[in-house]
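Participant: Below is the structure I would like to discuss, written out as structure tokens.
Numbering (this note's numbering), first residue to last: 4 to 316.
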């Protein structure tokens with residue numbers, strides 16, 4: 004018997020526009036009939052379309068875009084760029100953070116189940132409590148290149164920080180010449196605005212994007228200011244498949260849809276309605292409902308595994 008499912012996972016947050024969105028599908032089909040791969044030494048219309056679409060959404064001074072193939076690759080680039088731009092090696096990340104599972108990204112990720120099999124991790128990475136500016140004050144020194152943070156923690160439990168947290172990090176980084184890396188791989192285009200950091204009227208030095216920006220095709224993007232970019236030696240970072248025209252065509256089509264401001268208003272209203280409807284159920288098993296936009300979590304009082312298995316059945 005056919006069943007209908009409400010997909011609340013969207014393949015770990017990738018298919019933000021839904022599965023097989025017609026505009027994205029058509030763009031991929033058309034590009035596949037022309038050219039699927041081209042080294043970044045060669046410009047392509049698909050890549051330029053994507054750069055134009057993303058550039059129109061980025062706040063200044065975020066103007067320099069580096070391509071990768073995944074969120075983890077975007078984080079790797081961010082860590083490399085931060086180190087070379089500052090001449091320092093220290094990275095401050097947060098407890099329960101998730102930034103990926105390649106080696107540098109894994110070093111910034113806090114979960115021991117991912118880290119322990121591959122220890123020791125990258126030198127100079129320290130973790131502090133999330134949403135705790137006092138803890139940040141205790142670790143900032145002249146060895147720190149960057150602070151990396153998710154505006155809302157994703158795998159860590161959709162943990163929304165207090166208002167002023169990101170601004171507090173930005174101010175502390177500015178005071179010490181430390182870079183701020185915002186990992187918006189999960190939050191991007193999901194919280195009621197293109198980027199979650201704009202809620203606090205700040206701009207990071209480095210922005211990492213992935214997942215939803217190509218609606219299912221593999222892409223990673225690391226965006227920096229010119230001040231950071233000009234310190235990265237040309238040709239020192241790259242990837243064979245990065246910025247290929249097939250993925251760029253999908254990403255350009257996706258961003259053209261996501262540029263519609265009414266979608267972000269809708270994301271906010273859907274999130275509010277979701278929380279209201281779940282609360283109206285009055286289920287005693289629920290401890291808390293939290294999130295922003297269409298990035299939501301329902302925390303249970305008991306382990307969730309039996310509930311997840313029952314839903315899968």
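Positions of the beta carbon are idealized from the N, C-alpha and C atoms, including for glycine.
Per DSSP, residue 51 is paired with what?
Facilitator: DSSP, once it has assigned bridges, lists no residue as partnering residue 51.
Participant: Within 8 Å, do at least three Cβ pairs link the region 71-84 to the region 263-279?
Facilitator: The region 263-279, when compared against the region 71-84, does not touch it at the 8 Å Cβ threshold.
Participant: Thinking C-alpha only, which one of 227, 101, 156 and 181 is nearest residue 140?
Facilitator: Nearest C-alpha to residue 140: 181.
Participant: Among 124, 176 and 236, whose alpha-carbon lies nearest the alpha-carbon of residue 148?
Facilitator: Measuring from the Cα of residue 148, the nearest candidate turns out to be 176.
Participant: So for residue 130, helix, strand or coil by DSSP?
Facilitator: Three-state result, residue 130: strand.
Participant: Rounded to the nearest angstrom, what separates residue 151 and residue 19 at their Cα positions?
Facilitator: Taking the straight line from one Cα to the other gives about 24 Å.
Participant: How would you call residue 66, buried or exposed, if buried means at least 16 neighbouring beta carbons within 10 angstroms?
Facilitator: By the neighbour-count rule (16 or more Cβ atoms within 10 Å), residue 66 is not buried but exposed.
Participant: Let me know the alpha helix (DSSP H) ranges lying completely inside the region 95-122, each 4 residues or longer, listed in chain order.
Facilitator: As far as the region 95-122 is concerned, its whole alpha helix (DSSP H) runs of at least 4 residues are 106-111 and 115-118.
Participant: Mark residue 214 as exposed unless 16 or more other C-beta atoms lie within 10 angstroms of its C-beta, in which case mark it buried.
Facilitator: Residue 214 comes out buried.
Participant: With DSSP as the reference, label residue 148 as helix, strand or coil.
Facilitator: Looking at residue 148 - three-state DSSP - the assignment turns out to be strand.
Participant: Residue 160 by DSSP, collapsed to three states: which one?
Facilitator: Residue 160: coil per DSSP, three-state reduction.
Participant: Would you call residue 217 buried or exposed, if buried means 16 or more other Cβ atoms sit within 10 Å of its Cβ?
Facilitator: By the neighbour-count rule (16 or more Cβ atoms within 10 Å), residue 217 is buried.
Participant: On a CA-only basis, which of 256, 187 and 169 is nearest residue 204? Give me that one, please.
Facilitator: When only C-alpha atoms are compared, the closest one is 169.
Participant: Taking three-plus beta-carbon pairs below 8 Å as touching, is the region 284-292 in contact with the region 255-271?
Facilitator: These segments do not touch.
Participant: Residues in its own chain within less than 6 Å of residue 251 by CB, not counting five upstream and five downstream?
Facilitator: Closer than 6 Å at Cβ, skipping near neighbours: 49, 50 and 53.
Participant: What did DSSP end up calling residue 9 once you bin it into helix, strand or coil?
Facilitator: Residue 9: coil per DSSP, three-state reduction.
Participant: Is the distance from the Cβ of residue 328 to the Cβ of residue 59 below 8 Å?
Facilitator: Absent from the model: residue 328. The displayed extent of the chain is 4 to 316, so no value can be given.
Participant: Residue 119 to residue 112, Cα distance in whole Å?
Facilitator: For residue 119 and residue 112, the distance between alpha carbons rounds to 11 Å.
Participant: In whole angstroms, what separates the C-alpha of residue 186 from that of residue 253?
Facilitator: The straight-line gap from Cα to Cα measures roughly 21 Å.
Participant: Evaluate residue 294 with the Cβ neighbour count: other Cβ atoms within 10 Å of its Cβ, from every protein chain shown; 16 or more gives buried, anything less gives exposed.
Facilitator: Per the 10 Å Cβ criterion, buried.
Participant: For residue 86, collect the residues of the same chain with a Cβ closer than 7 Å to its Cβ; drop the 5 residues on either side in sequence, then sort them by chain order.
Facilitator: Excluding residues within five positions, the ones whose Cβ falls inside 7 Å are 92 and 148.
Participant: Strictly by DSSP, which residues pair up with residue 73?
Facilitator: Partner(s): none; residue 73 has no beta bridge.
Participant: Is there a Cβ from chain C that is less than 8 Å from the Cβ of residue 188?
Facilitator: The chain inventory of the structure shown lacks chain C, comprising one protein chain alone.
Participant: Name the one or two DSSP bridge partners that residue 298 has.
Facilitator: 295.
Participant: For a test of the three-state rule: what should DSSP assign to residue 193, helix, strand or coil?
Facilitator: Coil, per DSSP.
Participant: Whose C-beta lies closer than 7 Å to the C-beta of residue 304 among residues of the same chain, with five residues either side of it excluded?
Facilitator: For residue 304, where only same-chain residues beyond five positions count, the Cβ hits under 7 Å are 288 and 290.
Participant: Does the distance from the C-beta atom of residue 27 to that of residue 268 stay below 8 Å?
Facilitator: No, these two residues do not count as a Cβ contact at 8 Å.
Participant: Just the C-alpha distance for residue 101 and residue 116, rounded to the nearest angstrom, thanks.
Facilitator: Distance between the alpha carbons of residue 101 and residue 116: 12 Å.
Participant: Sorted by chain position, which residues of the same chain lie with C-beta nearer than 6 Å to residue 47's C-beta, five sequence neighbours on each side aside?
Facilitator: If we look at residue 47 and ignore the five residues flanking it on each side, its Cβ neighbours are 41 and 248.
Participant: Assuming residue 92 is part of the alpha helix (DSSP H), what are its boundary residues?
Facilitator: Element bounds for residue 92: n/a, residue is neither H nor E.
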